[in-house]
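**Q**
Numbering (the numbering used here), first residue to last: 7 to 401.
1. Please report how far the alpha carbon of residue 124 lies from the alpha carbon of residue 225, in whole angstroms.
2. For residue 231, report the span of its alpha helix (DSSP H) as first-last.
3. Would you give the residue range spanned by the beta strand (DSSP E) that residue 209 belongs to?
4. Hey, residue 208 and residue 389 are a contact pair by Cβ (cut 8 Å); roughly how many whole angstroms apart?
5. Have a look at residue 442 and residue 169 and give me their C-alpha separation to the nearest angstrom.
6. Determine, using beta carbons only, whether residue 349 and residue 152 come nearer to each other than 8 Å.
7. Tell me the rounded alpha-carbon separation between residue 18 and residue 343.
8. How would you write the range of the alpha helix (DSSP H) that residue 406 sits in, first residue to last?
9. Assign residue 198 to one of three DSSP states: helix, strand, or coil.
10. Can the beta-carbon of residue 291 be found less than 8 Å from the beta-carbon of residue 396?
11. For residue 8, which three-state DSSP category applies?
12. According to DSSP, residue 354 sits in a beta bridge with which residue or residues?
13. Specify the secondary structure class of residue 153 as computed by DSSP and reduced to three states.
14. Just tell me which of 174, 194, 179 has its CA closest to the CA of residue 188.
15. For the stretch 311-378, which segments carrying the beta strand (DSSP E) assignment without a break, of at least 3 residues, lie completely within its bounds, in sequence order?
16. Flag this pair as yes or no: are the beta carbons of residue 384 and residue 351 separated by less than 8 Å?
17. So if DSSP puts residue 304 in a beta bridge, which residue, or which two residues, is it bridged to?
18. Helix, strand or coil: how does DSSP classify residue 26 here?
19. May I ask you to list the residues that DSSP assigns as paired with residue 204?
20. How many Å lie between residue 253 and residue 340 at the Cα?
21. Going straight from the alpha carbon of residue 302 to that of residue 310, what length do you get?
22. Quick one: what does DSSP say residue 37 is sitting in, helix, strand or coil?
23. Identify whether residue 166 lies in helix, strand or coil by the three-state DSSP scheme.
24. Can you list, in chain order, the residues of its chain whose CB lies under 7 Å from that of residue 12, leaving out five sequence neighbours each side?
25. Taking the beta strand (DSSP E) that residue 147 falls in, what are its first and last residues?
26. State the DSSP-derived secondary structure class of residue 388, mapped to helix, strand or coil.
27. Can you tell me whether residue 4 is buried or exposed? The criterion is at least 16 other CB atoms within 10 Å of its CB, across all chains shown.
28. From what residue to what residue does the beta strand (DSSP E) around residue 291 run?
29. Could you tell me whether the stretch 51-58 touches the stretch 18-34, using the rule of 3 or more Cβ pairs below 8 Å?
30. Please report how far the alpha carbon of residue 227 lies from the alpha carbon of residue 372, in whole angstroms.
31. Quick one: Cα of residue 201 to Cα of residue 360, how far?
32. Rounded to the nearest angstrom, what separates residue 330 and residue 206 at their Cα positions?
33. Does residue 124 come out as helix, strand or coil in the three-state DSSP assignment?
34. Residue 395 bridges to which residues according to DSSP?
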């Protein structure tokens with residue numbers, strides 16, 4: 007850990023402690039029905055903003071350090087280029103006999119992109135397009151929010167604290183019986199699951215590297231990512247599915263019992279609920295329609311509240327990244343400490359394989375292209391995640 011990282015970590019720890027302290031005080035005073043606590047609410051708002059800013063800076067520094075190589079630059083090759091340049095692929099293309107195969111293992115599924123989507127049909131004379139077509143900004147997915155890990159097993163087992171009765175107190179008299187507290191634990195086990203799909207294609211695809219690159223990166227990987235998002239969010243844990251975060255998350259309950267709030271206020275209150283559970287939130291997940299509605303919201307003078315028609319910044323809300331995915335139902339949300347409350351374990355990172363599966367495929371010049379991964383999701387602390395229906399509260 008560098009000096010800069012240590013300093014930011016210390017700053018985040020202090021800011022989180024301040025938020026917890028003010029949150030507890032605010033909750034206690036509201037339970038007593040005290041009036042005139044607007045100043046205290048403002049202090050909570052300011053402390054939470056400082057905490058989120060410190061965490062964002064820490065995340066940025068850690069991401070830069072992880073990406074930095076010896077010379078500060080990392081060469082990125084597309085999935086199709088890696089496949090086309092591999093010795094297994096060259097050998098397979100020269101002699102695609104029955105039963106042979108070529109396999110490419112992808113280190114990080116979130117980095118598998120394609121320069122230009124295309125079809126697998128026959129090509130005509132190439133046409134050169136002047137200039138450079140810039141790739142779009144990387145779109146965040148659910149996996150990008152969650153801590154990552156690897157495993158060599160077919161399941162993940164961990165022990166989770168499920169109950170704590172705290173009876174600590176001062177001894178009333180010399181020789182008196184001291185208070186007894188209780189702890190309760192449960193074993194949790196999650197299975198490694200497989201996500202995969204495949205297509206048939208003609209051998210002519212092998213004769214054109216650009217077509218193969220587009221086909222693999224543009225379709226199979228995209229489809230795998232869509233299913234992965236849905237599984238990480240909503241998987242029911244049955245019949246080969248992952249046990250997703252939403253089925254295990256806590257239901258939204260306003261910690262402040264405010265008389266009214268907007269849907270954007272509601273996301274802020276969900277952040278506070280996560281903080282009160284000792285897990286500062288690290289992101290929001292919304293349906294693209296709900297996020298568009300928020301960005302298009304205007305005040306009484308017609309000015310955008312958070313949206314900017316000319317803006318290109320990464321979507322954020324209350325200092326946290328916003329992931330938009332159709333895996334999240336319209337009118338629903340998920341806020342939580344994705345970086346602490348859950349972890350994805352890769353048993354087999356995303357791989358692309360091509361092969362002739364049977365004699366019939368061989369004589370017809372057909373190949374099978376398979377995209378596959380094996381992974382497990384461990385949700386360590388369900389209370390670190392807050393889910394619910396987006397709904398403004400009015401007086």
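Ideal Cβ positions, reconstructed from N, Cα and C, are used throughout, including at glycine.
Please read all numbers here as calculations on a predicted model, not as lab measurements.
**A** If we stick to the structure as given:
1. Position 118 of the chain shown holds residue 124. Position 219 of the chain shown holds residue 225. Its pLDDT being 41, under 50, residue 124 is placed unreliably in this model, and the value from its coordinates should be taken loosely. Going by the C-alpha atoms only, they are around 9 Å apart.
2. Counting from 1 along the chain shown, the entry for residue 231 is found at position 225. Residue 231 -> alpha helix (DSSP H) spans 227-240.
3. One-based indexing of the chain shown puts residue 209 at position 203. No beta strand (DSSP E) contains residue 209, which DSSP labels as neither H nor E.
4. Here residue 208 refers to the residue found at position 202 of the chain shown. Here residue 389 refers to the residue found at position 383 of the chain shown. Contact between residue 208 and residue 389 does not hold, since their C-beta atoms are separated by about 53 Å, which reaches or exceeds 8 Å.
5. Lying outside 7 to 401, the shown extent of the chain, residue 442 is not represented and no answer is given.
6. As a first step, residue 349 is located in the chain shown; it is residue number 343 there, counting from the start. As a first step, residue 152 is located in the chain shown; it is residue number 146 there, counting from the start. Residue 349 is a Cβ neighbour of residue 152, given a cutoff of 8 Å.
7. By one-based count along the chain shown, residue 18 stands at place 12. By one-based count along the chain shown, residue 343 stands at place 337. Answer to the nearest angstrom: the Cα atoms are 14 Å apart.
8. Lying outside 7 to 401, the shown extent of the chain, residue 406 is not represented and no answer is given.
9. Counting from 1 along the chain shown, the entry for residue 198 is found at position 192. Secondary structure of residue 198 (DSSP, three-state): coil.
10. As a first step, residue 291 must be located in the chain shown, where it is residue number 285. As a first step, residue 396 must be located in the chain shown, where it is residue number 390. In this structure, residue 396 does not lie closer than 8 Å to residue 291 by Cβ.
11. Residue mapping note: residue 8 aligns to position 2 of the chain shown, counting from 1. DSSP places residue 8 in the coil class of the three-state scheme, outside both helix and strand.
12. By one-based count along the chain shown, residue 354 stands at place 348. Partner(s): 380.
13. Sequence index remark: in the chain shown, residue 153 carries index 147 (1-based). Correct three-state label for residue 153: strand.
14. Here the question's residue 188 lines up with position 182 in the chain shown. Nearest of 174, 194, 179 to residue 188, Cα basis: 174.
15. Those beta strand (DSSP E) runs which fall completely within the stretch 311-378 and span 3+ residues are 326-330, 338-342, 348-361.
16. Walking along the chain shown from the start, residue 384 turns up at place 378. Walking along the chain shown from the start, residue 351 turns up at place 345. A distance below 8 Å separates the beta carbons of residue 384 and residue 351.
17. The sequence position of residue 304 within the chain shown is 298, counting from 1. 310.
18. Translated into positions along the chain shown, residue 26 becomes position 20. The three-state secondary structure of residue 26, taken from DSSP, is helix.
19. Your numbering for residue 204 matches position 198 in the chain shown. The partner list for residue 204 (beta bridge, DSSP) reads 376.
20. If you number the chain shown from 1, residue 253 lands on position 247. If you number the chain shown from 1, residue 340 lands on position 334. Their Cα atoms are separated by approximately 11 Å.
21. Counting from one through the chain shown, the residue named residue 302 turns up at place 296. Counting from one through the chain shown, the residue named residue 310 turns up at place 304. Linking residue 302 to residue 310 through their CA atoms gives a straight-line distance of about 6 Å.
22. Here residue 37 is taken as the residue at index 31 of the chain shown, counted from 1. If DSSP states are grouped into helix, strand and coil, residue 37 belongs with the helices.
23. The residue labelled residue 166 in the question sits at position 160 within the chain shown. Three-state result, residue 166: strand.
24. In the chain shown, counting from the first residue as 1, residue 12 sits at position 6. Take residue 12, set aside five residues on each side of it, and no residue of its chain has a beta-carbon closer than 7 Å to its own.
25. By 1-based counting over the chain shown, the position of residue 147 is 141. It is not in any beta strand (DSSP E) - residue 147 carries neither H nor E in the DSSP assignment.
26. For the purposes of this step, residue 388 is taken as residue 382 along the chain shown, with counting starting at 1. It is helical.
27. In the structure as shown, the chain starts at 7 and stops at 401, and residue 4 therefore has no counterpart that could be examined.
28. Indexing the chain shown from 1 puts residue 291 at position 285. For residue 291, the enclosing beta strand (DSSP E) begins and ends at 289-292.
29. They touch, by the three-pair rule.
30. On the chain shown, residue 227 is found 221 positions in, with the first residue counted as 1. On the chain shown, residue 372 is found 366 positions in, with the first residue counted as 1. Taking the Cα positions, residue 227 is about 21 Å away from residue 372.
31. For the purposes of this step, residue 201 is taken as residue 195 along the chain shown, with counting starting at 1. For the purposes of this step, residue 360 is taken as residue 354 along the chain shown, with counting starting at 1. Distance from the CA of residue 201 to the CA of residue 360, rounded to the nearest whole angstrom, comes to 17 Å.
32. The sequence position of residue 330 within the chain shown is 324, counting from 1. The sequence position of residue 206 within the chain shown is 200, counting from 1. Rounded to the nearest angstrom, the two C-alpha atoms are 32 Å apart.
33. Taking the chain shown and counting its residues from 1, the one referred to as residue 124 is at position 118. A caution first: residue 124 carries a pLDDT of 41, below 50, which makes its placement in the model unreliable, though a value can still be read off. DSSP places residue 124 in coil when its eight states are reduced to three.
34. Sequence index remark: in the chain shown, residue 395 carries index 389 (1-based). As DSSP reads the structure, residue 395 sits in a beta bridge with 338.
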